[in-house]
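Undergrad: In this note's numbering, the protein residues as written are 1233 to 1690.
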Amino acid sequence: MTTSIIILAAGQGKRMNSAMPKVLQPLAGQPLLQYVLDCATRLAADDVCVVYGHRGSKVRERFSGNRAIRWVLQDQQLGTGHAVNQAMPGTPNENRAVVLYGDVPLLQSNTLKMFLDHCGAEEIGVLTVDVDNPHGYGRIIRENGAVVGMVEESEATEAQKRITEINTGVLCCPARNLKKWLGELTNNNTKGEYYLTDVLGSATQEGIPVRGFKVDNQVEVMGINDKKQLAEAERALQARRAEELLGAGVTLADPARLDIRGELTCGKDVFIDINVIVEGKVLLGDNVRVGANTVVRNSEIGDGTVIRSNSHIEGAVAGARCIVGPFARLRPGSEIADDVRIGNFVEVKKSTIGEGSKVNHLSYVGDASVGSKVNIGAGTITCNYDGANKHHTIIGDGAFIGSGVELVAPVKIGEGATIGAGSSISKDAEPGQLTVERTRQKTVQGWNRPVKKEINVR
Ligand code: UD1
Ligand code: CA
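1. Going by beta carbon distance, what residues of the same chain come within less than 6 Å of G1245, once the five residues before and after it are set aside?
2. Assign D1278 to one of three DSSP states: helix, strand, or coil.
3. Roughly how many angstroms separate the alpha carbons of P1558 and S1250, rounded to a whole number?
4. Take G1311 and list the residues in its own chain whose beta-carbon comes closer than 7 Å to its own, dropping the five residues that flank it on each side.
5. How close, in whole Å, do the beta carbons of A1407 and G1334 come, if the pair is a contact with beta carbons under 8 Å?
6. For V1689, count the other beta carbons within 10 Å of its own beta carbon; 16 or more makes it buried, fewer makes it exposed. Which is it?
7. Using a threshold of 6 Å, is the CB atom of I1301 nearer than that to any non-hydrogen atom of ligand 1?
8. Nearest to K1590 by alpha carbon, out of V1668, P1263, K1411 and V1606?
9. Could you give the residue range of the alpha helix (DSSP H) that holds R1292?
10. With a threshold of 6 Å (Cβ to nearest heavy atom), would N1399 be considered close to ligand 1?
11. Cβ atoms of I1545 and R1573: under 7 Å apart, would you say?
12. With distances taken from each beta carbon to the nearest heavy atom of ligand 2, which residues come in below 5 Å, in chain order?
13. If you reduce the DSSP assignment to three classes, tell me which class F1347 lands in.
14. Using three-state DSSP, classify H1593 as helix, strand or coil.
15. Measuring CB to CB, does G1768 end up less than 7 Å from V1668?
16. Between which two residues does the alpha helix (DSSP H) holding L1403 run?
17. Among the candidates N1616, A1435 and E1464, whose CA atom is the shortest distance from the CA of V1640?
18. Specify, as a first and last residue, the run of the beta strand (DSSP E) that E1177 falls within.
19. Any chance the CB of T1429 is under 6 Å from a heavy atom of ligand 1?
20. Can you name the start and end residues of the alpha helix (DSSP H) that L1478 belongs to?
21. Determine whether the beta carbon atoms of G1586 and G1565 lie at a separation below 7 Å.
22. Using the beta-carbon count (16 or more within 10 Å), is A1661 buried or exposed?
23. Taking Cβ to Cβ, would you say D1284 is nearer than 7 Å to P1337?
24. Just to confirm the assignment: which complete beta strand (DSSP E) runs, minimum length 3, are found wholly within the region 1343–1392?
25. Could you pull the start and end residues of the beta strand (DSSP E) that V1431 belongs to?
26. Below 8 Å on the Cβ atoms is my guess for G1444 versus V1358; work out the distance and round it to an integer in Å.
27. Identify whether T1584 lies in helix, strand or coil by the three-state DSSP scheme.
28. Could you work out which residue in C1404, P1682, L1403 and Y1369 is closest to R1388 when comparing CA atoms only?
29. My guess is that N1530 and G1512 are in contact by the Cβ rule of under 8 Å, so how many angstroms apart are they, rounded?
30. Please list, in chain order, all residues of the same chain as V1549 whose beta carbon is under 6 Å from its beta carbon, the five residues on each side excluded.
31. Do Q1306 and A1315 count as a contact pair if the criterion is CB distance below 7 Å?
32. Mapping DSSP to helix, strand and coil, what is E1567?
33. Apply the 10 Å Cβ neighbour rule to W1413 and answer buried if 16 or more other Cβ atoms are within range, or exposed otherwise.
34. For V1280, is the beta carbon positioned less than 6 Å from some heavy atom of ligand 1?
35. Skipping 5 residues on each side, what residues in its chain have a beta carbon closer than 7 Å to that of M1382?
36. Please indicate yes or no: does the CB of V1283 lie closer than 6 Å to some heavy atom of ligand 1?
Here it is as structure tokens:
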């Protein structure tokens, strides 16, 4: 049997109070819709259809890389039933239709799979959950234990509002039946919308049983309508990720003070201090330590390397046993070899730094190839930009650059060269020699400091 997953993503999300379509709102750095698509992908569904509408071109653009999506436009947002109906012409009658909501991102694929296995292919099934606060959700109506319908918050009587079993939005139904019932929907309700949830009533009226499948975890199926729920979902997702890391043996100073907005892979005995943000794809080797208030984005950190607090690491590769920070910045294209030291207030960009080299204080190293065992003194700057083009600096192995040096690129410092402090180097420096560029110091004898004039105040 072929499964068509239909994801509803056309709504504006008024309650978000945002110009951004709801399904593009970021959860742990990814749009909400991404999670629902990932869930569908893990299920290996044959057909994944996304119903889009409000500011739809933005939504399509964001997922243009995913060629497997069947996009269906819902021009006007007339309700969830209307939305699903737009996807029906392209869904063969013999398929099993599975509806997911684009604003229910925490649903796990194994829960969905359990639900679909539990409901037979010919059955109509709804995924439900008991919640502490059912406000805003559609309530499940049962008679003698069997699900006979759903009622939306806006239509519910006071008694129905007290029902705590709610509709998660996940529904499965043979496409053939769904088409028929969707065709019969009316919008005679408070909102004037075609509610998908009304199809359950149709099924019951025809004597077709509805299977309700209740999940335990209410967090997994929470719907996100506003920023408050978005923030709650963010914390729930971060808690889930922190728990996974702890399970894998990572030491977290505080699981509640770590944010992973991407994919973090850790070796053995990694320690992560508080307020660390991980973005994109990050790889931490064995025994890596990440200091407090550090951001690491799309980077690879070698075994035993220590990143001290308040550092910002992006698009960088660090070897083993390096010490980076505190307050260091590695920008994209930084490749530091083993045993390198990058100290406080040092910025490295698009540069390679060889084994055992040190840039310890207040320096800028950009567009440079730095050899091994190089020592770069405090306040050294590679002047890589002439206002129009970027130029390269080459520093040979074992060179010693004194403090406060300007290296005006393109320039090459030979192996083992020494550059005197305060030099502005714009020509290549010979290997093994001392090069110094600065005016001779002089003392002006008998010079007097100016003194402040006396002003008479009357
Ligand atoms: C919906 C359900 C409710 C359920 C809750 C679960 C209906 C009528 N109500 O309510 O029973 O408890 O979700 O979270 O289904 N959408 C469209 N086109 C439209 C309207 C909505 O694509 O015309 C999409 C939205 O983008 C969203 C999803 O459908 O992804 C749900 O719509 P929303 O307005 O958030 O419904 P709820 O009020 O949360
Ligand atoms: Ca919703």
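Just so it is clear, CB atoms sit at the ideal spot from N, CA and C, and this is done for glycine as well. Note that the structure is a prediction, hence the values are computed from the model and not measured.
TA: Here's the rundown:
1. Closer than 6 Å at the Cβ level, and outside the excluded window around G1245, lie K1254.
2. Looking at D1278 - three-state DSSP - the assignment turns out to be coil, as it is neither helix nor strand.
3. So the alpha carbons of these two residues sit roughly 37 Å apart.
4. If we look at G1311 and ignore the five residues flanking it on each side, its Cβ neighbours are N1419, E1425, Y1426 and Y1427.
5. With 8 Å as the limit, A1407 and G1334 do not qualify as a contact, their Cβ atoms being about 20 Å apart.
6. Answer is exposed; the Cβ neighbour count stays below 16.
7. Taking non-hydrogen atoms of ligand 1 into account, the C-beta of I1301 is found less than 6 Å away from none of them.
8. It is V1606.
9. For R1292, the enclosing alpha helix (DSSP H) covers residues G1288 to R1294.
10. It does: the Cβ of N1399 is within 6 Å (strictly closer) of some heavy atom of ligand 1.
11. No; because the gap between Cβ atoms is not below 7 Å, this pair is not in contact.
12. Answer in sequence order: D1335, G1455 and N1457.
13. It is helical.
14. In the structure shown, H1593 sits in a strand (DSSP, three-state: E or B).
15. This structure leaves residue 1768 out entirely; the chain is present only between 1233 and 1690.
16. From DSSP, L1403 is part of no alpha helix (DSSP H) but of the beta strand (DSSP E) over E1397 to P1406.
17. The option with the nearest alpha carbon to V1640 is N1616.
18. This structure gives no information on residue 1177, because the portion of the chain shown stretches from 1233 to 1690.
19. Yes, Cβ of T1429 sits closer than 6 Å to a heavy atom of ligand 1.
20. Looking at the DSSP string, the run of the alpha helix (DSSP H) that includes L1478 is K1459 to G1479.
21. No, Cβ-Cβ distance for G1586 and G1565 is not below 7 Å.
22. Label assigned to A1661: buried.
23. The displayed chain sequence assigns Tyr, not Asp, to residue 1284. Annotated as distal: Y1284 and P1337, with beta-carbon spacing of 7 Å or more.
24. With a minimum length of 3 residues, the continuous beta strand (DSSP E) runs that stay inside the region 1343–1392 are 1356–1362, 1371–1375 and 1378–1383.
25. It is not in any beta strand (DSSP E) - V1431 instead sits in the alpha helix (DSSP H) that spans V1431 to Q1437.
26. Separation of the CB atoms of G1444 and V1358 is rounded to 6 Å, and the pair is thereby assigned contact status at 8 Å.
27. Looking at T1584 - three-state DSSP - the assignment turns out to be strand.
28. Here residue 1388 turns out to be Ala, not Arg, going by the sequence shown. Among C1404, P1682, L1403 and Y1369, the Cα nearest to that of A1388 is on Y1369.
29. Separation of the CB atoms of N1530 and G1512 is rounded to 4 Å, and the pair is thereby assigned contact status at 8 Å.
30. Apart from the 5 residues on each side of it in sequence, V1549 sits with its Cβ closer than 6 Å to the Cβ of E1532 and E1567 in its chain, given in chain order.
31. The Cβ-Cβ distance between A1315 and Q1306 falls below 7 Å.
32. Strand at E1567.
33. Flag for W1413 reads buried.
34. No, Cβ of V1280 sits at least 6 Å from all heavy atoms of ligand 1.
35. Within its own chain, the residues whose Cβ lies closer than 7 Å to the Cβ of M1382, once the five positions on either side in sequence are excluded, are G1370, R1371, I1372, I1373, N1399, T1429 and L1432, listed in chain order.
36. In this structure, ligand 1 has a non-hydrogen atom nearer than 6 Å to the beta-carbon of V1283.
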